[in-house]
Structures are given as C-alpha cells and as structure tokens.
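Working notes for the structure below.
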Amino acid sequence: MSIKLARAKKLKPVEQLVASYTTRLTEVLNDLESEKIERFIDILLSMKEQSGTLYICGNGGSAANAIHLANDFTFGISPAGDAIKVEALSANSSVLTCLGNDIGYENIFSHQLKVKAHRNDVLLILSGSGNSKNIINAVNQAQMLGMTTVGILGYQGGSAKSLVDLSFHFEIDDMQIAEDTQVIIGHILMKGLKEYLLRAKRTNVADL
C-alpha cells in the first residue's frame with residue numbers, strides 16, 4: 000500500500016468527525032430563539048443605562064470563554080463609540096486560588112459578587128451541566144443582590160436552568176459543542192449591541 004493511499008484511509012474517519020461535529024452544532028443552533036437574544040440585548044441596554052456591570056463566570060473551558068467574551072464586550076462594541084462594563088470572574092488567578100484555598104472552590108464566584116456587585120448588574124453563567132456548585136452559589140448570590148441572571152447551558156440544563164431569569168438551554172450531551180454555543184451566542188450579542196448603538200448614534204447625529 001502506498002503512503003498516499005494509507006494516508007487517505009486514515010483521513011476518512013476525520014472527514015466523518017468533521018461532518019458529524021458540524022452537523023450536530025448546526026442542529027443545536029437551530030434551537031436558538033432570536034426572541035431570547037433580543038431580550039438579553041434589552042437586559043444589557045437597561046444595565047448600561049443604570050451604569051451596571053456584566054459579570055461572567057464558568058469553569059474550565061467555560062472560564063476561558065468568560066474571559067473571551069469579556070474582551071469582546073469591552074472592545075468589540077467600541078466602533079459604536081461605546082461599550083458596556085464587563086468583568087470575567089474567572090480572570091484573576093490570584094483571587095481564584097485565594098478564595099478556593101480559604102473559603103472553598105464552591106465560593107470562588109459568589110464571594111466576588113458579594114463584595115463588588117450591585118442590583119443594577121447582570122450575571123451571565125456559562126455551564127455545560129448547570130450543576131456546578133460554584134455556579135449555583137453565584138446565581139443564588141446574584142439573586143440575593145437583586146441582579147438579573149442569565150445562563151447558557153448544555154446537557155439537561157441542571158439546577159441552574161430553573162434558577163436563572165433567562166436561559167439559553169441547548170440539550171446537547173457534548174461539552175465541546177456546549178462550549179461552542181457560549182461563544183457563538185456571545186458574538187451574536189456583541190454584534191447586536193454594536194448595531195443598536197451605531198443606529199442610535201446615527202439617529203442622534205441626524206437630530207442635531
């Protein structure tokens with residue numbers, strides 16, 4: 000067997016993987032409700048008007064996605080001449096390791112909210128299972144403060160699904176696809192906010 004033929008036979012499973020993965024991701028995204036995106040944009044605009052902050056948290060890959068989206072909301076909207084205040088609760092390793100060591104990993108997000116968040120703020124949780132104790136504690140703390148809570152969830156949605164005020168739930172038993180949906184929704188939100196703010200800016204200029 001030639002090296003070229005052997006390589007082609009090895010590639011076939013990869014082609015199947017690509018087809019399977021992209022098909023499943025597309026099927027999952029077909030369940031995305033535009034009305035929920037509009038509602039979340041309204042929540043963020045209301046938060047912005049009240050000088051609130053968007054806090055984002057998650058574990059593992061979701062923690063990285065929280066940081067990614069914080070960057071997007073900080074800079075990605077700036078062409079509109081504006082932005083929203085945003086903070087990823089997973090970004091500071093010193094804070095996370097301190098809290099995890101001293102008061103328990105289950106409190107690494109809720110304690111941060113307790114000391115810095117206010118009722119005009121919004122919490123966005125990113126979770127595959129929706130059952131992580133530190134995520135549930137963060138939602139409970141946010142609600143005690145009167146914050147609006149939003150979740151992007153996979154699998155069965157877990158306990159978080161019924162706790163948050165607005166849930167984007169994708170019933171997919173694949174953590175990587177669940178994490179993909181987090182970034183995709185975040186990017187759609189960023190583009191939606193930017194477009195809204197650009198339109199508002201053009202309207203204000205036209206009224207001068």
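For the sequence shown, the positions run 0 to 207 when numbering that gives the first Met the number 0 is used. All C-beta atoms in this analysis are idealised placements derived from N, C-alpha and C, irrespective of residue type, glycine included.
Distance, residue j Cα to residue i Cα
| i | j | result |
| --- | --- | --- |
| I76 | L98 | 32 Å |
| M143 | K115 | 13 Å |
| M0 | E26 | At M0, the pLDDT of 48 sits below 50, so the modelled position is not reliable; the number obtained from the coordinates is stated separately. Rounded to the nearest angstrom, the two C-alpha atoms are 39 Å apart. |
| L44 | K11 | 48 Å |
| G150 | D164 | 8 Å |
| I40 | A18 | 32 Å |
| S89 | K200 | 33 Å |
| E48 | T147 | 14 Å |
| A87 | E14 | 36 Å |
| Y20 | S33 | 23 Å |
Unbroken beta strand (DSSP E) run spanning residue i, endpoints
| i | result |
| --- | --- |
| A87 | 84–87 |
| F167 | 165–168 |
| G57 | 52–57 |
| L162 | Segment 159–162 is the alpha helix (DSSP H) holding L162; no beta strand (DSSP E) there. |
Contact set for residue i: own chain, Cβ-Cβ below 7 Å, skip 5 residues either direction
| i | result |
| --- | --- |
| Y104 | N133 |
| Q140 | S109, L112, K113 |
| L24 | I176, D179 |
6 Å Cβ shell around residue i - same chain, five flanking residues per side excluded
| i | result |
| --- | --- |
| L95 | I107 |
| G51 | N119, D120 |
| G153 | G127, F169, I171, A177 |
As assigned by DSSP and simplified to three states, the class of residue i
| i | result |
| --- | --- |
| I76 | coil |
| L207 | Confidence at L207 is low in this model, with a pLDDT of 47, below 50, so the placement of that residue is unreliable and no value is reported for it. |
| S126 | strand |
| L43 | helix |
| M0 | Bear in mind that a pLDDT of 48 at M0, under 50, signals an unreliable position, so the number given afterwards is only what the model happens to contain. Residue state, collapsed to three classes: coil. |
| I135 | helix |
Opening and closing residue of the alpha helix (DSSP H) in which residue i lies
| i | result |
| --- | --- |
| G60 | 60–70 |
Integer-rounded CB distance, given that residue j should sit under 8 Å from residue i
| i | j | result |
| --- | --- | --- |
| I36 | L192 | Not a contact, Cβ separation roughly 10 Å. |
| L53 | F72 | 6 Å |
| Q181 | N64 | 5 Å |
Contacting residues, own chain, Cβ-Cβ under 8 Å from residue i (five flanking each side not counted)
| i | result |
| --- | --- |
| L207 | Below a pLDDT of 50, predicted positions are generally treated as unreliable, and L207, at 47, falls in that range; no measurement from the model is reported. |
| N58 | S89, S126, S131, N133, I134 |
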